[in-house]
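K.L.:
Read top to bottom, the protein sequences are chains A and B. This note's numbering applies: residue 611 is where the first sequence begins, and numbers increase by one. This note's numbering applies: residue 240 is where the second sequence begins, and numbers increase by one. Beta carbons: idealized from backbone N, C-alpha and C, even for Gly. Remember, it's a predicted structure, so these values are computed and weren't measured experimentally. Have a look at this one.
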Amino acid sequence: MAERFVTRGFGGNRRRVPDDVADRIPPGQYLEQGFPVLTAGPTPEIDTDEAWSFAIDGMVAAKQRWSWTEFNELPQEEVPCDIHCVTKWSKLDTSFHGVSVDVLLDAAEPLDAYAMAYCFGGYTTNLAIEDLTDGKAWIVTGHEGEPLPREHGGPARLLVPHLYFWKSAKWIAGLRISDHDEPGFWEANGYHNRGDPWKEERYWTD
Amino acid sequence: MDGLSQATTAPRAPGRWQLATVESIEWQTPSVKSFRLKLPMWMPHLPGQHYDVRLTAPDGYTAQRSYSVSSSPLDEGTVELTIDRLADGEVSPYFHDVVVAGDQVEVRGPFASYFVWHGEGPALLVGGGSGVAPLMAILRHRRRALPEVPMRLVYSVRLPKDAIFAAELAPDTELTYSRLAPPA
């Protein structure tokens, strides 16, 4: 790259990131203490007894569907993690509670390499199975000891902390397995197909 | 068409960082300013799209933020970003307290194609505070490019002094107050 541009007069009032966490903030991100709410549409209200279920379908050996009661009987994990939103904020040392996607995919046995997460309200996001397995993804129903609030995706959201947070789809209803990769909602609207925050994969051209 | 001219005119925006020059700065309210940026790699945006801004300190530290464009894509060569100064912010206080006309800042864009206006009508725009910025891009573009399309902006502010673009509010806009209304 050519000589780095320096912005005149910038630097004095920067946000100070404590040294011990500086290497956990990906490039272009800043440390956020709160938990901002960003959503492309209205926040749905989903009754866990009447309306909620989680499914794995498409190209699988055995389609699966869990009711809320069944889902809560699956082995649960605490997931301490850092999260990174493409709108530039990162939140460190948060924690979620839920079921590893490994457990769910083991029951369904995917026959192909791609998944589309689909949600109550119509949101979608695409992921390679690779990014959902080996302890990298969860369907979470709790956040920091409390039931997951609606505005953060409750009753249940996908959690894929190693990718930008739009991949961690709120109000998730299922994963559809496919033999081809197809863009989801934001991936069709200008955002990167994979979204690795450490490679700053924000937009199509990154 | 020959392949060569296509290759040489391949657009470099929106992905690449470019050095924008601040052409003018306009006070909108006590805490909001609009910055008119001249872009070497300008391309027309869809009203509603945003640009990313990157500030770099002498030691290499960078800060990035996204800001909506508030101008019409008919303003060839420039975009206007309208920025609310957040007291505990990092990038918005820099813009407010340091930037003067003639300064250069790195930007890239335009990005995202979900919250955008393609000319649909009738359209009702509803927003509050500095969230009016992308709506103003839509309203301004409709006024200039498609005045026959029915459109209304309903715009909520806390206090009368907080109304951004006050000089441009017209019969197609409705201003509401959430804390204190001006005397009748």
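At 4 residues or longer, what runs of the alpha helix (DSSP H) sit wholly inside the stretch 357–387 of chain B?
P.N.:
Uninterrupted alpha helix (DSSP H) stretches at least 4 residues long and entirely within the stretch 357–387 of chain B occur at 371–384, given in chain order.
K.L.:
My assumption, with CB atoms under 8 Å, is that A747/A sits in contact with V770/A. Please give the rounded CB distance.
P.N.:
5 Å
K.L.:
When the Cβ atoms of the stretch 316–336 of chain B are set against those of the stretch 776–789 of chain A, are three or more pairs found closer than 8 Å?
P.N.:
no
K.L.:
Determine whether the Cβ of K698/A lies closer than 7 Å to any Cβ atom of chain B.
P.N.:
yes
K.L.:
Could you have a look at D291/B and say whether DSSP puts it in helix, strand or coil?
P.N.:
strand
K.L.:
Would you say N623/A reaches chain B, if we count a Cβ-Cβ gap shorter than 7 Å as a contact?
P.N.:
yes
K.L.:
Using a 10 Å radius around the Cβ and a threshold of 16 neighbouring Cβ atoms, would you call V631/A buried or exposed?
P.N.:
exposed
K.L.:
Indicate the three-state DSSP secondary structure (helix, strand or coil) for W676/A in the structure shown.
P.N.:
strand
K.L.:
I'd like to know if F350/B contacts chain A, where contact means its C-beta is closer than 7 Å to some C-beta of that chain.
P.N.:
Yes, because at least one Cβ of chain A sits closer than 7 Å to the Cβ of F350/B.
K.L.:
By DSSP, does D692/A sit in helix, in strand, or in coil?
P.N.:
strand
K.L.:
What three-state label does DSSP hand A249/B in the structure shown?
P.N.:
With a pLDDT of 47 at A249/B, under the threshold of 50, the modelled position of this residue cannot be trusted; read the value that follows with caution. Residue state, collapsed to three classes: coil.
K.L.:
Using the three-state DSSP reduction, which class does D342/B fall into: helix, strand or coil?
P.N.:
coil
K.L.:
Rounded to the nearest angstrom, what separates L285/B and S788/A at their Cα positions?
P.N.:
33 Å
K.L.:
Just the Cα atoms here: how many angstroms apart are P759/A and F645/A?
P.N.:
11 Å
K.L.:
Report the residue from S705/A, T751/A, C691/A, S700/A whose alpha carbon sits nearest the alpha carbon of S663/A.
P.N.:
Looking at the Cα atoms, T751/A is the closest of the given residues.
K.L.:
Quick one: residues in its chain with C-beta nearer than 6 Å to the C-beta of S273/B, no 5 flanking neighbours on either side, listed in chain order?
P.N.:
Only E265, Q267, E319, T321 meet the Cβ criterion.
K.L.:
Does DSSP classify S395/B as helix, strand or coil?
P.N.:
strand
K.L.:
So, does the CB of Q303/B fall closer than 7 Å to a CB anywhere in chain A?
P.N.:
yes
K.L.:
How about V631/A: is its C-beta nearer than 7 Å to some C-beta of chain B?
P.N.:
no
K.L.:
How would you label G800/A, buried or exposed, when you count the other beta carbons within 10 angstroms and need 16 or more for buried?
P.N.:
Buried, by the Cβ-count rule.
K.L.:
Taking only beta carbons into account, state which residues of the stretch 351–363 of chain B come closer than 7 Å to chain A, listed in chain order.
P.N.:
A351, S352, Y353
K.L.:
Any idea what DSSP makes of W699/A, helix, strand or coil?
P.N.:
strand
K.L.:
Check R634/A in the structure and name its three-state DSSP category.
P.N.:
It is helical.
K.L.:
When the Cβ atoms of the stretch 297–305 of chain B are set against those of the stretch 370–383 of chain B, are three or more pairs found closer than 8 Å?
P.N.:
no
K.L.:
Using a beta-carbon distance below 7 Å, is Y813/A in contact with chain B?
P.N.:
At least one C-beta of chain B is nearer than 7 Å to the C-beta of Y813/A.
K.L.:
What is the residue span of the beta strand (DSSP E) that S305/B lies within?
P.N.:
It spans 301–307 - the beta strand (DSSP E) in which S305/B sits, taken as one unbroken run.
K.L.:
Does the CB of V770/A have a neighbour CB from chain B at under 7 Å?
P.N.:
no
K.L.:
Buried or exposed: which applies to Q643/A, given that a residue is buried once 16 or more other Cβ atoms fall within 10 Å of its Cβ?
P.N.:
exposed
K.L.:
Nearest CA to the CA of P685/A: which residue from D716/A, H790/A, L721/A?
P.N.:
D716/A
K.L.:
With distance defined between alpha-carbon atoms, name the residue in G708/A, S677/A, E660/A, C691/A nearest to S700/A.
P.N.:
For S700/A, the nearest C-alpha among the options comes from C691/A.
K.L.:
In the structure shown, what three-state DSSP assignment does E810/A receive?
P.N.:
coil
K.L.:
On a CA-only basis, which of P765/A, L742/A, L721/A, I635/A is nearest P654/A? Give me that one, please.
P.N.:
P765/A
K.L.:
What are the boundary residues of the alpha helix (DSSP H) that includes V713/A?
P.N.:
Under the DSSP assignment, V713/A falls in the alpha helix (DSSP H) whose first and last residues are 711–718.
K.L.:
Under the assumption that T735/A contacts G668/A (Cβ atoms under 8 Å), give the Cβ distance between them as a whole number of angstroms.
P.N.:
About 15 Å separates the two Cβ atoms, so there is no contact after all.
K.L.:
Who does N736/A pair with in a DSSP beta bridge?
P.N.:
M726/A
K.L.:
Using only the alpha-carbon positions, how far apart do D744/A and Y774/A sit?
P.N.:
CA-CA distance, D744/A to Y774/A, rounds to 18 Å.
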